[in-house]
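Protein chains: 2
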Amino acid sequence: MKLAISGKGGVGKTTLAGVMARILAARGRKVLAIDADPDSNLASAIGLTGEALSKLSPIASMTSLIEERTGARKGSYGTMFKLNPRVDDFPDDMGVIHEGVKLLLLGCIPQGGGGCFCPENVLLKNLVRHLLVQREEALIIDMEAGLEHLGRGSTGYVDALIIVVEPGQRSIGTARQIKKLGEDLKIRKIMIVGNKVHSDEERKIIEESLSDFPILGHMSHNPKVLQADREGRSPYDMDEKIKEEVKTILRELEKRI
Amino acid sequence: MKLAISGKGGVGKTTLAGVMARILAARGRKVLAIDADPDSNLASAIGLTGEALSKLSPIASMTSLIEERTGARKGSYGTMFKLNPRVDDFPDDMGVIHEGVKLLLLGCIPQGGGGCFCPENVLLKNLVRHLLVQREEALIIDMEAGLEHLGRGSTGYVDALIIVVEPGQRSIGTARQIKKLGEDLKIRKIMIVGNKVHSDEERKIIEESLSDFPILGHMSHNPKVLQADREGRSPYDMDEKIKEEVKTILRELEKRI
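Keeping their order, the protein sequence lines are chains A and B. As numbered in our numbering, residues 1 to 257 make up the first sequence, in order. As numbered in our numbering, residues 258 to 514 make up the second sequence, in order.
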C-alpha cells in the first residue's frame with residue numbers, strides 16, 4: 001500500500017500519518033513513513049524525541065547513498081531509478097526506526113533564498129514510482145500543506161490519496177481542489193478523513209459537503225491530541241480514543257484498496 | 258508599509274491578513290492585499306463573495322497587463338521591473354476592490370502535474386521589490402503555509418514579516434525556522450502574533466517560548482471566527498472582539514515600523 005496524506009495546512013495530516021504508521025507497525029507490518037513537508041514534524045507525531053531525532057538527516061542530502069541504493073545518478077533525480085528499491089533496502093542510517101516505523105525525512109529548507117523544493121519533489125516522485133511495496137508493507141507519505149505537490153505531480157504514483165478536512169469551508173474547498181488535481185494525475189482512490197469534529201452536526205457538514213467522495217471516517221476534536229502537540233509527543237502514546245478512531249479509518253481504507 | 262504574513266499551515270495567517278486589510282481600509286488607507294497562497298482564501302476573509310469573487314483572475318496569468326504596467330517582459334519575470342509600479346497602478350480588472358481593499362491573486366495550480374509555483378514566486382519577489390508604497394499605503398501579502406517561500410526568497414523585500422503562531426510546539430518550531438530563514442534574507446523586522454489563545458496560560462506558552470521575538474499581540478480562540486470560515490464570510494463583518502484585538506496588534510506594529 002502506497003499512501004499519501006494531503007490537505008489544507010493545520011487540518012491534522014501529520015497526526016493521522018503518525019498514528020496510522022504506529023498502528024500498522026504494532027500489527028507487525030513493515031512501515032516506511034516519509035515526511036515530505038519541510039515544515040512538518042512527523043517524527044514527533046510518531047514519538048521520536050531527543051537523540052534519535054537528532055540523527056535524522058534529509059534523504060535529499062544523501063546523494064551517494066541514494067545513488068548506491070537506487071541507481072539514480074547524483075544530481076539527476078529526474079532519471080528513472082535503475083533498480084526498484086524495496087522498503088527494506090533503505091539502510092538504518094538513511095532514517096531512524098521508532099516502535100517499528102522506519103522514518104525518512106525528504107528534505108529541509110536549509111537557507112533563506114537557497115532555492116525551491118523542486119529537486120526533492122522529483123526525488124519523491126521517482127521513489128514512490130519505483131519502490132516495491134509488498135502486501136504486508138505500507139508506505140505512508142505526509143505531504144506538505146496545500147496544492148503545490150499536485151502541480152509538481154509528486155504524488156502521481158500512490159495507490160491512494162487521503163485528504164484530511166475539518167468542518168470549515170476552507171479545508172473543504174481545498175479538498176475539492178485536491179480531488180480535481182489528483183484526478184489529473186490519474187490517482188484512482190481519493191478519500192476523505194474528517195478531523196477536529198466537535199459534534200454530529202459538524203460531522204454532517206463534512207459528509208454533506210463532500211458527498212461525492214468516499215469518507216473513511218472521522219477523528220474527534222481531542223484536547224489530548226493538542227496536548228501531545230504542545231509536549232512534542234505522539235498522540236498514539238497519549239490517548240486511546242484517537243487510536244480507536246484511526247483503527248476504524250484503517251478498516252475502511254483496507255476494504256477499499 | 259510592505260508586510261508579509263507567514264506561519265505554519267492553519268494558524269490563522271489569512272484571518273489576520275483579511276481583518277488587518279479591512280481595518281486599514283476603513284481608516285481611509287490605500288490597501289493592496291495579495292493572496293500568495295494558491296490554497297488560501299484571502300478573498301473570503303476580506304468579505305468577497307459571489308460575483309465579485311468570480312471575476313478574480315491570477316495576476317500571473319495576465320502577462321500582457323503585467324508587461325504594460327510594470328515593464329517586465331512576457332516570460333521573463335526574473336528580469337528587473339523597468340518601472341517602479343505604485344499601489345494605484347494596478348487596474349481594477351487585475352483584481353477586485355471590496356470595502357476599500359484592492360485584492361490581487363498571485364496564482365493558482367491549474368492542473369495536476371502542470372508544474373511548480375516558482376515563476377509566480379519570482380513575479381511576487383520582483384513586485385514587492387519594486388512597488389512604491391507611500392506612507393499612508395499598505396501592501397499586505399498572505400503567504401503560503403510553511404517555509405518554501407523563504408527558500409525561494411519571495412519575501413526578501415518586505416519591511417516586516419509577521420509570523421502567526423498558536424499555542425503548540427509545532428507552530429512555535431515553525432516560527433523559529435522562519436526567523437532563521439528570514440534573517441538569511443536580511444528581513445529587519447520579524448515579529449510574532451499569537452492566535453487561537455484560550456487562556457493566559459496559553460498566552461504565556463507563546464510568550465515564553467518566543468521571548469527573543471517582538472510579540473505584537475494575540476488573537477483569542479474565537480468561535481465567531483470559526484463560524485465565519487464555515488460560512489465563507491469575513492471575521493471583520495461578524496465579530497467586534499477580533500477587530501479590537503487586531504487594532505491592538507496594528508498599534509504595536511506601527512510603533513515598531
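All C-beta atoms in this analysis are idealised placements derived from N, C-alpha and C, irrespective of residue type, glycine included. On a predicted model such as this, the values are computed, not experimentally measured, just so you know.
Alpha carbon of residue i to alpha carbon of residue j, nearest angstrom
{"i": "N126/A", "j": "I34/A", "result": "13 Å"}
{"i": "H218/A", "j": "E501/B", "result": "35 Å"}
{"i": "A300/B", "j": "G9/A", "result": "17 Å"}
{"i": "D496/B", "j": "R135/A", "result": "52 Å"}
{"i": "Y157/A", "j": "K189/A", "result": "11 Å"}
{"i": "R487/B", "j": "M62/A", "result": "44 Å"}
{"i": "G78/A", "j": "C116/A", "result": "A caution first: G78/A carries a pLDDT of 43, below 50, which makes its placement in the model too unreliable to give a value."}
{"i": "S333/B", "j": "S314/B", "result": "Its pLDDT being 48, under 50, S333/B is placed unreliably by the model, and the measurement read from it follows with that caveat. Computed Cα separation, rounded: 20 Å."}
{"i": "F213/A", "j": "G173/A", "result": "13 Å"}
{"i": "L103/A", "j": "A283/B", "result": "50 Å"}
{"i": "G307/B", "j": "A261/B", "result": "27 Å"}
{"i": "I109/A", "j": "G439/B", "result": "12 Å"}
{"i": "R508/B", "j": "A228/A", "result": "34 Å"}
{"i": "E202/A", "j": "I141/A", "result": "27 Å"}
{"i": "L32/A", "j": "L396/B", "result": "44 Å"}
{"i": "I449/B", "j": "A145/A", "result": "21 Å"}
{"i": "M94/A", "j": "Q368/B", "result": "33 Å"}
{"i": "L253/A", "j": "I206/A", "result": "18 Å"}
{"i": "G285/B", "j": "E394/B", "result": "9 Å"}
Supposed close pair residue i, residue j - CB separation, criterion 8 Å
{"i": "Q163/A", "j": "G7/A", "result": "Note on identity: in this sequence residue 163/A is Ile, with Gln being the wrong assignment. Indeed, because the Cβ distance is near 5 Å, the residues count as touching under 8 Å."}
{"i": "L16/A", "j": "V246/A", "result": "7 Å"}
{"i": "V128/A", "j": "K2/A", "result": "6 Å"}
{"i": "T147/A", "j": "P295/B", "result": "A quick correction: the sequence has Leu, not Thr, at residue 147/A. Indeed, because the Cβ distance is near 5 Å, the residues count as touching under 8 Å."}
Boundaries of the alpha helix (DSSP H) in which residue i is found, first to last residue
{"i": "H406/B", "result": "405–409"}
{"i": "V482/B", "result": "480–488"}
{"i": "V353/B", "result": "Premise fails: V353/B lies in the beta strand (DSSP E), 353–355, not in any alpha helix (DSSP H)."}
{"i": "C375/B", "result": "375–387"}
{"i": "K500/B", "result": "497–513"}
{"i": "R460/B", "result": "457–466"}
7 Å Cβ cut-off: residues of chain A touching residue i
{"i": "F374/B", "result": "E148, G151"}
{"i": "V379/B", "result": "In chain order: nothing, as chain A lies at least about 10 Å away."}
{"i": "N298/B", "result": "R170, G173"}
Top-ranked residue by Cα proximity to residue i, from the options
{"i": "V358/B", "options": "V276/B, E511/B, L389/B, L407/B", "result": "V276/B"}
{"i": "I472/B", "options": "A432/B, L313/B, K498/B", "result": "A432/B"}
{"i": "N222/A", "options": "A52/A, T248/A, N195/A, E201/A", "result": "N195/A"}
{"i": "S199/A", "options": "V225/A, E166/A, L210/A, G182/A", "result": "E166/A"}
{"i": "S311/B", "options": "A485/B, V503/B, D494/B, I354/B", "result": "I354/B"}
{"i": "D494/B", "options": "V379/B, E356/B, L362/B, K270/B", "result": "E356/B"}
{"i": "V197/A", "options": "I242/A, A228/A, A138/A, H130/A", "result": "I242/A"}
{"i": "A36/A", "options": "H149/A, L48/A, L185/A, L131/A", "result": "H149/A"}
{"i": "V133/A", "options": "L124/A, L106/A, K30/A, M143/A", "result": "K30/A"}
{"i": "L105/A", "options": "R22/A, V11/A, Q177/A, M143/A", "result": "M143/A"}
Beta-carbon neighbours of residue i, restricted to chain B and to distances below 7 Å
{"i": "I109/A", "result": "L404, E405, L407, G408, L438"}
Neighbour flag for residue i against chain E, beta carbons, 8 Å
{"i": "G173/A", "result": "Any reference to chain E falls outside this structure, whose protein chains are A and B."}
N-terminal and C-terminal residue of the beta strand (DSSP E) that residue i is part of
{"i": "N452/B", "result": "446–454"}
{"i": "S220/A", "result": "215–220"}
{"i": "E394/B", "result": "394–399"}
{"i": "K30/A", "result": "30–35"}
{"i": "K2/A", "result": "2–7"}
{"i": "I419/B", "result": "417–422"}
{"i": "K102/A", "result": "101–105"}
Contact test: residue i Cβ vs the ligand ATP heavy atom, cutoff 7 Å
{"i": "N121/A", "result": "The ligand ATP is absent from the structure shown, which contains no ligands of any kind."}
Within chain A, the residues that residue i reaches when beta carbons sit closer than 8 Å
{"i": "L442/B", "result": "G112, G113"}
{"i": "L483/B", "result": "G168"}
{"i": "R487/B", "result": "P167, G168, Q169, I205"}
{"i": "D294/B", "result": "G146"}
Chain B residues whose Cβ lies nearer than 9 Å to that of residue i
{"i": "V11/A", "result": "G266, G267"}
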